[in-house]
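In terms of full-length UniProt numbering, the sequence shown is numbered consecutively and its last residue is 517.
First the structure, in the form of structure tokens, and then the observations on it.
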Amino acid sequence: MNHWIVAPVLLPAVLGALIVLIARFDPVLQRRLSVLGCSLGLLLALCLFMTVLRQPALAYRLGDWPAPFGIVLVLDPLAAMMLLLSAILGLAVAGYAAGREDENGPHFHALLQFQLMGLNGAFLTGDLFNLFVFFEILLIASYGLMLHGGGEARFRNGFHYVVINLVGALVFLIGAGLIYGVTGTLNLADLALKAPLVESGDAALFRLGGICLLIVFGLKAALVPFHFWLPGTYRSTSFTSAAMFAILTKVGAYAIIRASTLVFGFGGGAAAHLFTPYLLPAALLTSGLGLLALPGARSLGTLAAFAMLGSSGTLFVGLATDESAGLAASLYYLVHSTLAGAAFYLLADRLVDRSGGRFGPQGDRILPRLAEGQGRATAAAFMLLAVMIAGLPPFSGFLGKIFILQAVLGAALAPALQGLVLAVVLLGSFFAMAGFTRAGVLLFWQPAPATDEPPPRQSVGGVWAIGGLMAALLALTVAAGPSLAFFERTANLLLAPEAYVSAVLGQHVQAPPAEEP
């Protein structure tokens, strides 16, 4: 077995405990441990990513207990990609928070490490119960990060966030219980083999369990009608924490992709294509609601929150085609939207931070005074990110939307439905650009009112974090061809999961024959 597969879970778990135990009252040591750990995590994620370029799937059986009875972690191209993405965000946020957000409380870096532990575990786990466990770990850490620094709005929205996710946890357990009662297993690879064998008398319960999972994963991904928690939560939390939250909705997307291809895919028997009828309507509504709200945004937090909501809907459009090309396009857009959202949150925090906190609880309102004293580089970064998020050429947001639209036009969808998708995606870009342009004009082109307040304080670092994320976005643009080739290979392996199933169960397994979509 490749023991390095468990390292992305163990490393942040150990670091989080060390920070709490030996560095609780030493902020400098906390920062060093956190940044060092995230750097090692990024190096580890890169090594694992290179591994899956040679092997389609690897399994790690904890305690050497055989699957499906023991706990198993599975590394495949999708898991490796998500590990690398979370490692990039973790390092950027840990470095940016040093001397900024971590000054508002003693536990920021420990919470960040525990959230990384939950994220990495969710991406690697090979069974539904441990997916639930890692969901709860990352959500508990996100509760702490959301409330970090205090404030009435954070506590109010944090309470809503906790209650919503507790309900989601209950629905998850109900769904997992129904599936276990029908099949006798929660191992995903084993479910891939047993789903086609579900008897007709149990098919309704099995499908109901799948619908429960779709509700939970849709809640995590902020899909309509379960999107209501995202704007308030992301708007009220600190921008540094929200930069890490950019990947939280992608955990829901990851879970939907994993379940819809392994368990409820072409070989799902009575539950084949269970998620597909709901995904496209939910995706279009989510994208439309998020992007239509952008021109009216009055604060940077609101602008970023609705941009995240819109991007969450857009990435599901490709997945809803139920074809390899659409899935590959969605994976490309997933990476783009995560990096772009995190970079914009850090840039927004830089704007508010350099205002010196002079404007109270409404300090992120889009007004000329917020950008007072900012240089041309900040304005250029703002507009560049606006173009990337809106999906205008020639950057990765544009390419991602083009890939999605190509997949939709090539899919077996009614022409009217294809036209609707085209209209929503293109109009979404227009409304997004309108919202970001309005914000940019107010921030950087309008003269700030005269004031006797002292000038904003100078930057204390973090430029490298924003620059690094933007460089990753540019690399995704320049290397669009090789990137898309990797995502196409990933999509093909997901839709034909024999390698995944064989790696987990330790034997060659012939997957059930694919049904016609």
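The beta-carbon is built from N, C-alpha and C at its ideal position, and this holds for glycine as well.
Q. Starting from Ala59 and walking both ways along the beta strand (DSSP E), at which residues does that stretch end?
A. Leu58 to Arg61
Q) Between Ala328 and Ala23, what straight-line distance do the alpha-carbon atoms span, to the nearest angstrom? A) 43 Å
Q: With a cut-off of 8 Å on the beta carbons, I'd call Gly232 and His336 a contact; round off their distance for me.
A: The pair is not a contact, with the Cβ atoms about 25 Å apart (cut-off 8 Å).
Q) Whose C-alpha, out of Asp64, Pro77 and Leu469, is nearest the C-alpha of Thr490? A) Pro77
Q: Kindly list the residues whose CB is nearer than 8 Å to the CB of Val162, restricted to its own chain and excluding five residues on each side of it in sequence; keep chain order.
A: Tyr143
Q) Is there contact here, the stretch 293 to 307 with the stretch 253 to 271, by at least three beta-carbon pairs under 8 Å? A) no
Q. Would you say the stretch 233 to 240 touches the stretch 275 to 289, given that touching needs at least three Cβ pairs under 8 Å?
A. no
Q) Counting pairs of beta carbons, one from the stretch 387 to 395 and one from the stretch 428 to 443, are three or more of them closer than 8 Å? A) yes
Q) Which whole-angstrom value is the C-beta distance of Gly288 and Val424, which I expect to be below 8 Å? A) Rounded, the Cβ-Cβ distance is 6 Å, consistent with contact.
Q. Since Leu469 and Ala92 are thought to touch, with beta carbons under 8 Å apart, how far apart are those beta carbons, to the nearest angstrom?
A. 6 Å
Q) If you compare alpha carbons, which of Cys38, Ala259 and Ile404 is closest to Tyr332? A) Ile404
Q | Same chain only: Cβ atoms within 7 Å of residue 522, ignoring 5 sequence neighbours per side | A | No answer is possible for residue 522: the residues shown for the chain start at 1 and end at 517.
Q) Given a threshold of 16 other Cβ atoms within 10 Å of its Cβ, counted over all protein chains shown, does Ser483 qualify as buried or as exposed? A) Here Ser483 is buried, its C-beta having at least 16 other C-beta atoms within 10 Å.
Q. With respect to the alpha helix (DSSP H) encompassing Val263, which residues constitute its N-terminal and C-terminal limits?
A. No alpha helix (DSSP H) contains Val263, which DSSP labels as neither H nor E.
(Q) Does the contact criterion of 3 or more C-beta pairs under 8 Å hold for the stretch 113 to 120 versus the stretch 128 to 140? (A) Contact between the stretch 113 to 120 and the stretch 128 to 140 is present, because at least three Cβ pairs lie under 8 Å.
Q: Please list, in chain order, all residues of the same chain as Val216 whose beta carbon is under 6 Å from its beta carbon, the five residues on each side excluded.
A: Gly168, Val171 and Phe172
**Q.** Euclidean distance between Cα positions of Gly397 and Ala343
**A.** Gly397 and Ala343 have their C-alpha atoms roughly 14 Å apart.
Q.
At the level of alpha carbons, what is the spacing between Gln113 and Leu178?
A. 33 Å
Q: Helix, strand or coil for Thr53, going by three-state DSSP, please let me know.
A: Looking at the sequence shown, residue 53 is not Thr but Leu. Residue state, collapsed to three classes: coil.
Q. Considering only residues of the same chain and omitting the five flanking positions on each side of Arg207, which have a CB-CB separation below 8 Å?
A. Ala270, Ala271 and Leu274
Q.
Distance check for Leu294 and Leu427, CA to CA, integer angstroms please.
A. 12 Å
(Q) Between which residues of its own chain and Leu53 is the CB-CB distance below 6 Å, once the five residues before and five after are set aside? (A) none
**Q.** Member of Trp229, Phe245 and Ala203 whose CA lies at the smallest distance from the CA of Asn165
**A.** Trp229
Q: Ignoring anything shorter than 3 residues or poking outside the stretch 203 to 234, list the beta strand (DSSP E) runs there in chain order.
A: none
Q | Extent of the continuous beta strand (DSSP E) run through Leu75 | A | Val72 to Leu75
Q: Taking only the alpha-carbon atoms, compute the straight-line gap between Ser459 and Gln30 and give it to the nearest angstrom.
A: The pLDDT assigned to Ser459 is 46, lower than 50, so where the model puts this residue is not dependable, and the model offers no usable value.
Q. Since Asn104 and Tyr60 are thought to touch, with beta carbons under 8 Å apart, how far apart are those beta carbons, to the nearest angstrom?
A. Between Tyr60 and Asn104 the Cβ distance is about 37 Å, and since that is not below 8 Å, they are no contact.
Q) Taking C-beta to C-beta, are Gly95 and Ala465 nearer than 9 Å? A) yes
Q: Flag this pair as yes or no: are the beta carbons of Gly290 and Leu309 separated by less than 9 Å?
A: yes
Q | Close beta carbons around Thr249, own chain, < 8 Å, minus the five adjacent residues each side | A | Lys220, Ala221, Ala222, Leu230, Met308 and Ser312
Q.
Rounding to the nearest angstrom, what Cα-Cα distance links Gly129 and Pro68 in this structure?
A. What sits at residue 129 in the sequence shown is Phe, not Gly. Approximately 12 Å between the Cα atoms of the pair.
Q) With which residues is Thr125 paired in a DSSP beta bridge? A) Leu73
Q.
Only counting the same chain, and skipping five residues up and downstream in sequence, which positions put a Cβ closer than 6 Å to that of Leu42?
A. Ala87 and Leu91
Q) Could you give the distance in angstroms between the alpha-carbon of Tyr234 and the alpha-carbon of Ala305? A) 6 Å
Q. Expressed to the nearest angstrom, what Euclidean distance is found between the alpha-carbon atoms of Leu351 and Val441?
A. A straight-line Cα-Cα distance of about 15 Å links Leu351 and Val441.
Q | Cβ-based burial, Cys212 [other Cβ within 10 Å; buried from 16] | A | The C-beta of Cys212 has 16 or more other C-beta atoms within 10 Å across all chains shown, which makes the residue buried.
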